[in-house]
Structures are given as C-alpha cells and as structure tokens.
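Undergrad: Residue numbers for the sequence shown, in the numbering used here: 250 to 309. Would you mind keeping the following structure in view while I ask a few things?
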Amino acid sequence: MSESLDGFKLIFREAPYAVFLFEPLVDVKDLGADFKVLECNSAGNEFFGRYLSNLPQNFH
Numbered sequence: 250m251s252e253s254l255d256g257f258k259l260i261f262r263e264a265p266y267a268v269f270l271f272e273p274l275v276d277v278k279d280l281g282a283d284f285k286v287l288e289c290n291s292a293g294n295e296f297f298g299r300y301l302s303n304l305p306q307n308f309h
C-alpha cells in the first residue's frame with residue numbers, strides 16, 4: 250500500500266474505513282501517533298467524507 254494523502258501514508262484499508270498514518274511511520278498504538286481516518290467505499294479504492302477524529306470503535 251503505497252498510497253499517501255498530504256504526507257499521510259495508507260496503513261489500513263477495510264471498508265468502510267481507511268487509516269492514514271503520518272510519516273515517519275510510528276506504531277499506531279502509540280498515543281502520540283498522528284493519524285487520520287477516512288471513510289472509503291466497499292472496494293477500498295475511493296476515499297470520501299471528512300476525517301474522523303478517532304479510530305472507529307470496531308477498529309482492531
């Protein structure tokens with residue numbers, strides 16, 4: 250997954266969410282990690298909507 254968005258690199262994609270982590274990559278479990286969560290379509294290849302401020306409750 251080499252897709253990026255404004256310096257954020259795509260690290261997780263499973264509809265309806267896509268998670269972008271700011272580079273340099275750090276452990277997403279680190280509370281200091283700078284990430285953005287975007288909604289994506291069922292195919293996982295289109296991103297839309299506003300950034301969510303938190304990881305989804307069902308994100309593992």
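For glycine and all other residues, C-beta sits at the position ideal for the given N, C-alpha and C. No experiment lies behind these values; they were computed from the predicted model shown.
What does a CB cutoff of less than 6 Å around F257 pick up in its chain, not counting 5 residues either side in sequence?
TA: F269, F271 and K285
Undergrad: Would you kindly work out how many angstroms separate the C-alpha atoms of A292 and A267, rounded to a whole number?
TA: 11 Å
Undergrad: For S253, write down the residues that DSSP places opposite it in a beta bridge.
TA: K258
Undergrad: How would you write the range of the beta strand (DSSP E) that A267 sits in, first residue to last?
TA: Y266 to F271
Undergrad: Return the Cβ separation of P211 and E295 in integer angstroms, given the expectation that the two are a contact with Cβ distance under 8 Å.
TA: Residue 211 is absent from the structure shown; the chain starts at 250 and stops at 309.
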